[in-house]
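Visitor: Handing you this structure, nothing more for now.
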Amino acid sequence: KTGTITFGNRRCSALYAAPGVSGKELAEGALLASLADDTPEGKSIVEYLRILHPIEEPRREELTPIAFSAETRLSGVDWNGQVYRKGAVDAALRFIDLPREK
Numbered sequence: 130k131t132g133t134i135t136f137g138n139r140r141c142s143a144l145y146a147a148p149g150v151s152g153k154e155l156a157e158g159a160l161l162a163s164l165a166d167d168t169p170e171g172k173s174i175v176e177y178l179r180i181l182h183p184i185e186e187p188r189r190e191e192l193t194p195i196a197f198s199a200e201t202r203l204s205g206v207d208w209n210g211q212v213y214r215k216g217a218v219d220a221a222l223r224f225i226d227l228p229r230e231k
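Below you can see the structure in the form of structure tokens.
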């Protein structure tokens, strides 16, 4: 999840992993969840992570994009049998069935 102070276009400048999540896991998950996101914010996450944590990326046609919706408050991709999502904290926790207290 990113926090921003807005001056013009919002840009990704840092990512913070949850306890038990490695920086590599966070970077790969955030990059994959953002590959189909054509918003300025999504593009900035991809740009930022391509520089700091380059990985072999799937081709866009290999991804099943999941567009953001007001109902789910999540977006991302399905790829290679895995699900990658980003969005509002409470929506992400509900998606993985994890209570906020944990």
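The opening position of the sequence shown corresponds to residue 130 in our numbering, with each subsequent residue numbered one higher.
Quick reminder that beta carbons are idealized off the backbone N, C-alpha and C, glycines included.
All values reported here derive from a predicted model rather than from experimental measurement.
Taking the alpha carbon of residue 199 as the reference point, which residue from 186, 220, 209 has its own alpha carbon closest?
Guide: The shortest C-alpha separation from residue 199 is found at 220.
Visitor: Are three or more beta carbon pairs between the segment 194–208 and the segment 146–155 nearer than 8 Å?
Guide: Contact fails: fewer than three Cβ-Cβ distances are below 8 Å.
Visitor: Using C-beta distances below 7 Å, list every residue in its chain close to residue 141, excluding the 5 sequence neighbours before and after it, in chain order.
Guide: Only 131, 173, 174, 177 meet the Cβ criterion.
Visitor: For residue 144 versus residue 213, is the C-beta distance shorter than 7 Å?
Guide: No, they are not a contact pair.
Visitor: So residue 164 and residue 186 are supposed to be a Cβ contact under 8 Å. How far apart are they, rounded?
Guide: The pair is a contact, with the Cβ atoms about 7 Å apart (cut-off 8 Å).
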